[in-house]
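Asker:
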Amino acid sequence: SNRHNEARGALIVLEGLDRSGKTSQSGRLLSYLAGLGYPVESWRFPDRDTSVGQMISSYLSNQSQLDDHTIHLLFSANRWEKRSLMEAKLKSGTSLIVDRYSYSGVAFSAAKGLDIEWCKAPEVGLLAPDLVAYLDIPPEKAAERGGYGGERYEQLEFQKNVAHHYKMLSDASWKMIDACLPMEDVEKQLKEMVLDCVTSCQKGKSISQLWL
Ligand code: Z5A
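Position one of the sequence shown corresponds to residue 95 (the UniProt record's numbering), numbered consecutively onward.
Okay, here's the thing in structure tokens:
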């Protein structure tokens with residue numbers, strides 16, 4: 095449809111621990127917005143399709159070892175290599191639902207003991223989300239869900255530490271959602287906040303940059 099084409103799209107970020115339901119909800123939000131006639135795409139970080147993304151993927155599956163600072167910068171580079179496309183999409187009116195972003199980058203690396211300000215530095219200048227929805231789940235509950243334990247960071251003690259760093263990064267603008275609720279309840283809450291966000295971006299809210 096033409097009716098949304100002049101307004102910019104919204105940058106919507108889903109964050110949360112492993113198994114909090116980000117991937118499931120991204121798919122549902124994509125269908126929802128598309129069904130309403132909004133141009134929309136679903137993205138995820140890491141984007142494992144680029145050459146940087148392949149290095150990250152091999153690290154996460156324990157096929158390669160990298161210094162903690164090095165992998166941090168690769169995750170950041172993986173966002174930088176998508177920045178101009180991201181901006182072009184938003185300006186042309188396409189909304190993006192992004193599964194993980196800079197907050198994952200900082201929370202995971204800081205949980206390893208890296209300085210949080212050092213972790214934020216390479217993220218400065220990336221596009222700031224219009225909405226950060228945090229799928230909040232106790233690490234013990236997440237660990238009970240299917241498929242946990244395959245990759246490098248999927249360990250309970252580490253996930254607890256990541257949760258702690260997410261809380262330190264969060265601010266009043268984040269929308270916290272109880273991710274232990276049934277999927278449909280989480281979905282209902284997300285749809286409402288996402289539609290609000292898309293509408294306010296259409297009305298001319300400007301695009302800003304991290305970290306403000
Ligand atoms: N990482 C990093 O260190 N630095 C960075 O900059 C970035 C990432 C961007 C890979 O991420 C790792 O990279 C990740 C962070 C780090 N490590 N960890 N942990 P990834 O995105 O590729 O992988 P992931 O986040 O671990 O995603 P996931 O496995 O896809 O989890 P999810 O998307 O949050 O959950 P899901 O797949 O939608 O659901 C998981 C299961 O729970 C599934 O069986 C669902 O059916 C079930 N589920 C979902 N919702 C519910 C509810 N509401 N009730 C009951 N069951 C549910």
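Ideal Cβ placement from N, Cα and C applies to all residues, glycine included.
1) Tell me which residues share the same chain as Gln303 and place their Cβ nearer than 6 Å to its Cβ, disregarding the 5 neighbours each side in the sequence.
2) Following the continuous beta strand (DSSP E) through Ile191, name the residue where it begins and the one where it ends.
3) Under 7 Å: does the beta carbon of Asp112 sit that close to some heavy atom of the ligand Z5A?
4) Using 8 Å as the limit for Cβ to Cβ distance, is Phe202 near chain C?
5) Tell me whether Lys235 is buried or exposed, calling it buried when 16 or more other Cβ atoms sit within 10 Å of its Cβ.
6) Helix, strand or coil for Val218? Go by DSSP, reduced to three states.
7) Following a CB-centred definition, is Glu286 positioned closer than 7 Å to any heavy atom of the ligand Z5A?
8) Measure the Cβ-Cβ separation of Arg194 and Lys116 and say whether it is below 8 Å.
9) Taking 8 Å as the cut-off, decide whether the C-beta atoms of Val226 and Val107 are in contact.
10) Give me whichever residues DSSP pairs with residue 308 in a beta bridge.
11) Within 10 angstroms of its Cβ, does Gln148 collect 16 or more other Cβ (buried), or is it exposed?
12) Going by C-alpha to C-alpha distance, which of Ala201, Ile231 and Phe252 sits closest to Met262?
13) Measuring straight from C-alpha to C-alpha, what distance separates Gln249 and Asp112?
14) With Leu263 as the anchor, note down where its beta strand (DSSP E) starts and where it stops.
15) My assumption, with CB atoms under 8 Å, is that Ala273 sits in contact with Gly103. Please give the rounded CB distance.
16) Looking at C-alpha atoms only, which residue of Arg239, Pro233, Ala266 and Leu154 is the closest neighbour of Phe252?
17) Here's the rule I'm using: 16 or more other beta-carbon atoms within 10 Å means buried, otherwise exposed. How should Asp224 be labelled?
Answerer: Walking through what the data contain:
1) Gly219 and Ala222
2) Ser189 to Asp193
3) yes
4) In the structure shown, chain C cannot be found, because there is only a single protein chain.
5) exposed
6) coil
7) no
8) yes
9) yes
10) One cannot answer for residue 308 here, as it falls past the ends of the chain, which runs 95 to 306.
11) exposed
12) Ala201
13) 10 Å
14) Unbroken run through Leu263 is the alpha helix (DSSP H), Leu250 to Leu263; no beta strand (DSSP E).
15) With a Cβ gap of about 25 Å, Ala273 and Gly103 do not count as contacting.
16) Pro233
17) buried
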